[in-house]
Structures are given as structure tokens and as C-alpha cells.
Amino acid sequence: MTAPEPPSELEPAGDIPEELTITLDERRVSFVLDEELYPRDAIYGAAYLFVDRAWIFLTRPADRQVEVRLKPKDVDRVERGTLEALAGEFANELLNQVLRQRVGASTRALREYTLARALFTDDTQSSIDALLAELDAEELEEDELEISVPWRTEPTSADPEGTGG
Amino acid sequence: MGEHISFDRSLYAPAAIESAVAAYHHLATFAVIVGDDHTEVQISEIDARVSDVLIDAFCNHALYETVVLGRATEPS
């Protein structure tokens, strides 16, 4: 049995963003993220999507830094390419999460305004009132097609009591 | 003799770790100490059937619960 190779640091390659330097060991890949670039919620969001694919552990090597350690699940023999691919996919998802957060933050005011207007404006209530008034008006109108009700039938010579039968 | 894991409190909610302990308590013995900066977990008497994955699964569970708890408490 050969001794495990010491951890090696890789230059960014493939899908891995340039500011990430990944570290590989026998079964695990790790990299350090700057919380200024990758907010914690973005890291959580990416990790949340990877918990079914990888064993994940987070540490804080320094202030405002988060180290992500990934170990693939269900892989008997971990190859270097597998670890690099896993790190690259995580990094891509991380960028996706950062973008989602930024879009969410930049449109928050607009979304809140739209929701508030939808919930609290009088337009909705007035349109409902208009519909109800329209329905009431229709009910009050004479409707020739309305099914006749026997007890409302006017008395005739054939039916002097107006029973309708 | 056992395994020791140190969870940074700024990354793992202590309540999430307690939840993970509750989920795995039948497979190992856990001792949890919540400090100012870290939550220390000592794991011993690990069930032999899951000894190769229990620690990793425990950490994943704690992280998952941290994310879920955070989303539940953040303002909508």
C-alpha cells in the first residue's frame, strides 16, 4: 500500500473561477472563499444543493473567510478529475447563488412596492364592488328567460287562482 | 476514544447541531459543548455498521439544518 500523496494546490483550471485555489488530497477537495466576494448565504445556498452529492464541511480559517471541504459520496475510487469537476460545479453554483442574491437585493424594493400595491390599493376593492353592483343590477332587471316561479304567476282565466299548475 | 468535531458558531447554528445529534443519537454517543466561538462535539461508540460515514453524514445534517433554520428565521 502506498502512502497517500500530500495535499497539492492547483492553479485554477476549467470551470473553476480564477480567484479560487483548490487543494486536493486523497479523497477530498477544498478551497477558501472570501465572504466579501461570496456572501455566506450564497455559500449556504450552494451547499444546500450539494448535500445529496457530497459530504460538505465548512470551517473558518480566518476572519471573513470560509473554507469549503467537499468529499464526493458514493464513489469507491476518487480520481483527481472527479474532485476537480466537483469543485468546479460547486463554484459555478456559487456564482449562480451570488447572482441570485444580487438580483434579489436590487429588485427587493420594486417587489415590495408591487406587492404592497396589489394588497392595499383601492383599485382591487373598487373593481370587486363594481362587479357585485353589476351582478345586482342584472338580478333586478326583467329577464324573459328567467324560469318562471309558479307562485309568482299572474292569475289567468284558465287559472283564476294563479297557481301555475 | 472517539472523534472530535469543532463547528464554527458563525457557520453552524448550535440548534442545528442539536438537531443532528437527535437524528443520529441511536447510532453513536454524542457530547456537545457550546462555546462562544465553536460548538465542540465528541462522538464515541459509533455503530460499526455506519462507522465509515457517520461523521460525514452528521456534518452534512448539521449544515443542512443550519441552512433550513436560517431560511426559516430570515425576514420574508
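These protein sequence lines are chains A and B, in that order. Counting with the working numbering, you get residues 1 to 165 for the letters of the first sequence. Counting with the working numbering, you get residues 166 to 241 for the letters of the second sequence. Backbone N, C-alpha and C fix where the C-beta goes; we use that ideal spot for every residue, glycine too. Please read all numbers here as calculations on a predicted model, not as lab measurements.
For chain B, the residues of the region 36-56 of chain A that bring a beta carbon within less than 7 Å of one of its beta carbons are Y44, A47, Y48, V51, W55 and I56, in chain order.
Under the three-state reduction of DSSP output, B:S175 falls in the coil class, being neither helix nor strand. With respect to the C-alpha of B:S175, the residue from A:G81, A:E35, A:P72 and A:V103 having the closest C-alpha is A:E35.
For a cut-off of 8 Å, the C-beta gap from B:G167 to B:S209 is around 3 Å, short enough to register as a contact. CA-to-CA, the gap between A:L83 and B:A187 works out to about 31 Å.
Taking 8 Å as the threshold, the shortest C-beta distance from A:T59 to chain B falls below it. Note that the C-beta distance between A:V98 and A:A47 is not below 8 Å.
For A:S106, the enclosing alpha helix (DSSP H) starts and ends at R80 to S106. In this structure, the beta-carbon distance from B:I170 to B:I211 does not fall below 8 Å. Contact check for A:L86 against A:P72 passes: the beta carbons are separated by less than 8 Å. In the three-state reduction of the DSSP assignment, B:T231 falls in the helix class. Taking B:E205 as reference, the option from B:A213, B:A181 and B:L192 with the minimal CA-CA separation is B:A181. The beta-carbon of A:V66 is placed less than 8 Å from the nearest beta-carbon of chain B.
Listed by position along chain A, the residues whose Cβ is nearer than 9 Å to that of B:L192 form an empty set, because the closest Cβ is around 16 Å away.
Straight through space, the alpha carbons of A:L110 and A:A54 are spaced by roughly 37 Å.
By the rule that beta-carbons nearer than 8 Å mark a contact, B:V232 touches chain A.
Among the CB atoms of chain A, none fall inside 8 Å of the CB of B:S184.
For B:L176, the residues of chain A that pass the 8 Å Cβ criterion are R40, L58, T59, R60 and V66, in the order they occur in the chain.
Take B:F223, set aside five residues on each side of it, and the residues of its chain with a beta-carbon closer than 6 Å to its own are A185 and Y189, in chain order.
Rounded to the nearest angstrom, the gap between the Cα atoms of A:F31 and A:G104 is 26 Å. In the three-state reduction of the DSSP assignment, B:A180 falls in the helix class.
Not one beta carbon of chain A lies nearer than 8 Å to the beta carbon of B:L219.
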